[in-house]
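6 protein chains.
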Amino acid sequence: MTEGYAGWKALIDLALAEDIGSGDLTTLSTIPAGTMATGVMTAKSPGVISGLDAAAYALWRVDPCVEFTPKVQDGDSVAVGDVVAELSGPARSILTGERTALNLLQRLSGVATITAQFVAEIAGTGATIVDTRKTTPGLRELEKAAVRHGGGHNHRFGLSDGVLIKDNHLAAIGGADRVTKAIAAARLRAPHTVRVEVEVTTLAEVEEAAIAGADIIMFDNMSNEMMKEAGRIVAKRAITEASGGVRLETVRKIAETGVDLISVGALTHSAPSVDISLTFALGDN
Amino acid sequence: MTEGYAGWKALIDLALAEDIGSGDLTTLSTIPAGTMATGVMTAKSPGVISGLDAAAYALWRVDPCVEFTPKVQDGDSVAVGDVVAELSGPARSILTGERTALNLLQRLSGVATITAQFVAEIAGTGATIVDTRKTTPGLRELEKAAVRHGGGHNHRFGLSDGVLIKDNHLAAIGGADRVTKAIAAARLRAPHTVRVEVEVTTLAEVEEAAIAGADIIMFDNMSNEMMKEAGRIVAKRAITEASGGVRLETVRKIAETGVDLISVGALTHSAPSVDISLTFALGDN
Amino acid sequence: MTEGYAGWKALIDLALAEDIGSGDLTTLSTIPAGTMATGVMTAKSPGVISGLDAAAYALWRVDPCVEFTPKVQDGDSVAVGDVVAELSGPARSILTGERTALNLLQRLSGVATITAQFVAEIAGTGATIVDTRKTTPGLRELEKAAVRHGGGHNHRFGLSDGVLIKDNHLAAIGGADRVTKAIAAARLRAPHTVRVEVEVTTLAEVEEAAIAGADIIMFDNMSNEMMKEAGRIVAKRAITEASGGVRLETVRKIAETGVDLISVGALTHSAPSVDISLTFALGDN
Amino acid sequence: MTEGYAGWKALIDLALAEDIGSGDLTTLSTIPAGTMATGVMTAKSPGVISGLDAAAYALWRVDPCVEFTPKVQDGDSVAVGDVVAELSGPARSILTGERTALNLLQRLSGVATITAQFVAEIAGTGATIVDTRKTTPGLRELEKAAVRHGGGHNHRFGLSDGVLIKDNHLAAIGGADRVTKAIAAARLRAPHTVRVEVEVTTLAEVEEAAIAGADIIMFDNMSNEMMKEAGRIVAKRAITEASGGVRLETVRKIAETGVDLISVGALTHSAPSVDISLTFALGDN
Amino acid sequence: MTEGYAGWKALIDLALAEDIGSGDLTTLSTIPAGTMATGVMTAKSPGVISGLDAAAYALWRVDPCVEFTPKVQDGDSVAVGDVVAELSGPARSILTGERTALNLLQRLSGVATITAQFVAEIAGTGATIVDTRKTTPGLRELEKAAVRHGGGHNHRFGLSDGVLIKDNHLAAIGGADRVTKAIAAARLRAPHTVRVEVEVTTLAEVEEAAIAGADIIMFDNMSNEMMKEAGRIVAKRAITEASGGVRLETVRKIAETGVDLISVGALTHSAPSVDISLTFALGDN
Amino acid sequence: MTEGYAGWKALIDLALAEDIGSGDLTTLSTIPAGTMATGVMTAKSPGVISGLDAAAYALWRVDPCVEFTPKVQDGDSVAVGDVVAELSGPARSILTGERTALNLLQRLSGVATITAQFVAEIAGTGATIVDTRKTTPGLRELEKAAVRHGGGHNHRFGLSDGVLIKDNHLAAIGGADRVTKAIAAARLRAPHTVRVEVEVTTLAEVEEAAIAGADIIMFDNMSNEMMKEAGRIVAKRAITEASGGVRLETVRKIAETGVDLISVGALTHSAPSVDISLTFALGDN
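Chain order of the listed sequences is A, B, C, D, E and F. Read in order, the letters of the first sequence are residues 3 to 287 in the working numbering. Read in order, the letters of the second sequence are residues 3 to 287 in the working numbering. Read in order, the letters of the third sequence are residues 3 to 287 in the working numbering. Read in order, the letters of the fourth sequence are residues 3 to 287 in the working numbering. Read in order, the letters of the fifth sequence are residues 3 to 287 in the working numbering. Read in order, the letters of the sixth sequence are residues 3 to 287 in the working numbering.
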């Protein structure tokens, strides 16, 4: 589900405005006002569904008279041929809103589906798949929800709800004890309600971060061997996170190093869409 | 280049708002105000670049003092290690805007890159690769520009700048001469400045559409053999377009049927991102 | 009818905001909350009605409890004394929204009315009256609809849904074959779904445009004699359009030259309002 | 000049968005990026200029690199052939912004021009021409400024900066002393910084309004004779205003009745545009 | 009540966006979707209520399914323990919207309460308490309504609905007759529907303002003795207003000088909140 | 400093729009365009300054030609008579923007000042003063910054960047182990980057929360004695926070109980403004 106050709705408004512009010339030409119709959204490729709220909102914005009735829930797996949702209402409105609703549903289901694949791959290890900020511009709320629907967990939403000290921040702090100083600086400024995470690349930094009281330590592009050793060093003093170029083929071995979290940019930056199509029929429901 | 008046800028504002929220806690904690820095954006995977304007605008919105200097142009191919752009300015602003700028550049370059692959695949045939409305919600202007940067051509922008009569419109019109009636209806209502395209599935419809004066006839999910025959029927009376599940492996055979245009939803709905990273250094340029 | 996604509604919001500001002092002072009323909108001058949707939307934005019931349809002719619409609802809301609703209805009906006059003037010729981009800033969707309600046809909506090569574009291209080059340049860049129109002033340009495959050729400020000759040159290879200072007194002769389209800026830039007034009565409907 | 904070700029943004949409296809096709040009805006019909700020803002929003140099001031009279303004800057930006800038300038100059005609007609009488709320939706700030540029005076801006008790408000109050009660109700609720005006139709109401302390008394659709008598009754106890169907042919006789103000809806609801055209040349200024 | 068209609603949208952001993590975690609940808003400190519309709108924007039923009216006094409003609806929505609704209600009731204290203090004198422009940025409409709910009267809403000539304006005009000239300049430019007020500091200026026909004369930081003398000079030729550092302890003596209006910035710039709390219970209403 | 992307700027735009409306009638009447002026903002009451960025932005939005030069920094203490900032630029723009700039500066300095008083009161104890969500609607970013300028620390910004389980959430979970279950539910849903805080009222709940791994435990309206005992129970397993009706007179005793944090709603819901005034002089800087 999508729960933010305004952002995702603003995105959907932009999407409708860019598609509909000054009016759907084809539909206005060929469909008389007042014609009623029904539609069925069906999966043409298998996947995990996400984006039902977004699709519903898009259709509602086009015309509150369109009824959108999901037949599955966000997070459900669908096979080819499964009905995802049924629609009924004014034929013009269904045809005008169809593309935007499907574009949202297909892309978000794509994110949920790839997430579910990663999650399945590490089943039985103690690790958790988390997302990143490599989301589609404007769609972060929707894509973060899709990751949850796929069984993943969310990393921080953005720059203001978590501290993640990266190499560039450490470089700016400088000095031999830069990890320690950076963590202290973050504690001083950030609300006490957010955790402090630091990205490290060496085992010495791992040790320093743990001593300095980092809440979360991110192992950046470390080998699996190195991550095992890093985990031993941390010794449960902090949450550990593996990051960097994680692929479906490599994720299980990473999980088996014992890290707590594995962050995967590909969940949102390169997920192929799930194919969902609308069949349409004139007449009332 | 991106030339629309307002849409793409509104999208970038949404993207920055969702990422930055009430402030970049980490950067504000660890980087003193007034610190200057430089950055280099480098390709980590090969591709065709698109989105330089979008990245520049994103950084400018974060802070007009950030200078963004592209070292390539939209449409240029880059190899691993090529420098895409250089940045200089306040360290805080570069770090705060980095992710949104990269997200835009990586995704749009992904669209340009896959487009270029399709274009290359059909080199020497007379066909042209065109995009669809299966774009990322909110990013249509940017993705349509990326298709051009990849060497493709744009289909209509949205529902108000072209007529495309589909099966559902024909079904609503009904009757044996529904193709003819639909084309006439569109001529009556739409500005004379837009062309009328009709999607057909049988050879009889092809013939009817050509006689009725369709400007463009879309062959929907026809076999290559059928498209060849359809092209003979049209006999240059209209522009012809192949559509439906076109893949990199199948596109050349389709082009060789003699169709004028091949529309490919995958250009925008499933393009993997190009990997571009920022290296960052303190100090003035 | 008004079918665009967002533009015309945004305009009406601006109009209400500028009129109502921080509240209707007079109505709030003199009308008790809860008072119900009815109203009747009556034509005080003859004309063709347009803007019923706009008026309805304006009143709905002020208060969804106001019922607005049109007694005619957009495009209907009304005589003095004809009832255009009936209203009922909270007295405060009717009085607060009245002026904006009437301003919209009167102006848009003015556009429909003058359009109908031009259309009547050329009855029986094969020509069609079309509008221009000389619309009231912010009201383009509404005024383009009003032109259709008056029996006219729309030219392109704006700069992004049609190509219209004018003298300044030709001057920038330059060279003896600038018409040919400009048409080719437009084909290369614009979606294939929009037509290419070129504005010409000499018969040589007419011939060049027809050979170069212009879809539409605009005769700019030509004499009627010259337009007849131009039409013979085009010989149905393109749609022809007369443009420039067309007036009600001159339009029939222009139509008789055999041009397909006559574009008339005055439809939208100088249409006098139709006079419509609201009579108001306390009490329920 | 235009001095409001946000309204008129929002209107111009809407106007540019509706015209430019996803980009000016013609200009982008035919004018190379980087081409510089100059332009001259020249009056093609005589009139009084208004809207220079609006035109300048529109061009600046398209491209801050366009220089717009007025050669006259708002309120100046121009003859056919007079130069109104000069432009220089990127050719693409001038051509893309031209239509919106001209649409604003032509319409607002139309309002200033008709206002000046009314003002000239009553020269030497003590009366003042004032506008009404019958303005173009969205353009009130700009049109109110145009009225001032034409030598007229502004009535209240909208519903929240003045009290104007009309027949419908009086009907809602009811009773023999409804004028008195309405004025008292307005004093009670409205800020003491706004004046209270009441619209009356009988001489008895005139007397009642004056006794009740109305600041301004509007004579609604009274004959000239009746207005003279009404003026005698008021005897300078209030400002007097004539209203209702005032035309250029009738305005002087109305002024000669001795009323202080004459409000004219036609200043803004039916003003024909002044014809202003742009000539364009490649090259730097 | 709050009657402006758009401003106060925009403020509430900002307030909800800043509080809810990308979602209420706690409520989403702990309250199942579909759980219903009721709530009671109770006064924890005595005061005069204002902001019921604002609170209702905030809750409605979070979820139109939340029913908000005021048990008192704006302007009513409440004692500790009095029920202000009852709520019922989805538990998640009530908890998510609670803080914003309460923040509005508490602050606006604070303004109404302090206003009522000032009003009570001057009971029986002929003076009226009015507000100033020292309102909380963004909340002017709501706070001006709160002043009315507390029994005060509103000064001008802002810079465009009244003329108030201050020392800085007089200084810019200059000359011995600067008060006279400033009043004349304002009459020339401002709509005749707004009154002209001038702020004066000496008795000579008082006399000049009265002669020049000021509608309202503001005595700026004068002693009570001086105001009495100033009132004698004005002799009912204008409305008189006392201004400057008025406190609850000093206001009665000021009122007893005979001034018509006393403007008090503290009504809105320093009003302590009224304490109102929400008790919450699961289950249907 | 204020670092959020968009919220605080949107608030300032609302504030300027509400104050300036369709134009500053007084200034436009009395100050000729082109007049230059300078101004000095001076403290009239002692306090801690906050809001310099906000004031600067407000003036810049009115007119980028106004130069605003702070003479102190946010967080500095000022005495009566201290210069806070100097301005120079167009006289009209300074006078038009003055009130909004001062309203921001005075209120935010009020927040910083009261915060500094609370901070001073607990000097030498180990406790930290933190704010709450009881901020002025729309001003949260600015007020949270003001709290930092006063030496306080921020609690979570809003509902999406921290988990704070309150009595109502616990009631909805229900059961003897509701504290434990609520914490687990939050861990499951919320990003791992935010901490989980729980509000408790009994010592048994304190113990349960500590065992269940709450990151922060809020003692809600406990007596000081009870908080001491609660602190002993927690025994550094979690951060402890005192909450509920904290006043300047009671805060030190609370701090001496050994709690880590003391949250004070009064910092933002009832802070009196600091008095800052603008003196203005014609002429250049």
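Yeah, the Cβ is synthetic: ideal placement off N, Cα and C, and Gly gets one too.
Cα-Cα separation, residue i to residue j
i: VAL196/E; j: THR242/D; result: 15 Å
i: PRO193/A; j: ILE218/F; result: 12 Å
i: MET3/A; j: GLY9/A; result: Because MET3/A sits at a pLDDT of 44, beneath the cut-off of 50, its placement in the model cannot be relied upon, and the following sentence gives the value as read from the coordinates. If you take the alpha carbons of MET3/A and GLY9/A, they lie about 14 Å apart.
i: MET228/F; j: GLY246/F; result: 14 Å
i: GLY260/C; j: ALA118/C; result: 20 Å
i: SER225/D; j: GLU258/D; result: 12 Å
i: PRO274/D; j: VAL253/E; result: 57 Å
i: VAL121/D; j: ALA87/D; result: 26 Å
i: ILE22/E; j: GLY77/E; result: 30 Å
i: GLY177/F; j: ALA184/F; result: 10 Å
i: VAL74/C; j: THR44/C; result: 11 Å
i: ALA237/B; j: GLU210/B; result: 13 Å
Environment of residue i [buried if 16+ CB atoms lie within 10 Å]
i: ILE116/B; result: buried
i: PRO34/D; result: exposed
i: LEU104/B; result: buried
i: PRO66/D; result: exposed
i: LYS168/B; result: buried
i: GLY164/A; result: buried
i: GLN108/F; result: buried
i: ARG292/B; result: No answer is possible for residue 292/B: it lies beyond the span of chain B, which begins at 3 and ends at 287.
i: GLU145/F; result: buried
i: THR71/C; result: exposed
i: ARG234/C; result: exposed
Whole-angstrom C-beta distance between residue j and residue i, which should lie under 8 Å
i: ALA93/C; j: ALA174/D; result: 6 Å
i: THR137/E; j: THR270/E; result: 4 Å
i: THR182/F; j: LEU263/F; result: The pair is not a contact, with the Cβ atoms about 23 Å apart (cut-off 8 Å).
i: THR1/E; j: GLY267/E; result: An answer regarding residue 1/E cannot be provided, because it is not within the stretch 3 to 287 covered by chain E.
i: LEU97/A; j: VAL68/A; result: Wrong, their Cβ atoms sit about 11 Å apart, outside the cutoff.
For residue i: DSSP bridge partner residues
i: VAL198/F; result: VAL165/F
i: LEU284/C; result: ALA39/C
i: GLY177/F; result: The partner list for GLY177/F (beta bridge, DSSP) is empty, contrary to what the question assumes.
i: GLY1/F; result: Any question about residue 1/F goes unanswered here, given that chain F covers just 3 to 287.
i: SER245/A; result: ASP222/A and SER265/A
i: ILE278/E; result: ALA45/E
- request: Mind listing, in chain order, the continuous beta strand (DSSP E) runs of no fewer than 3 residues lying wholly within the region 82 to 133 of chain C?
  value: Within the region 82 to 133 of chain C, complete beta strand (DSSP E) segments of at least 3 residues are found at 85 to 92 and 130 to 132, given in chain order.
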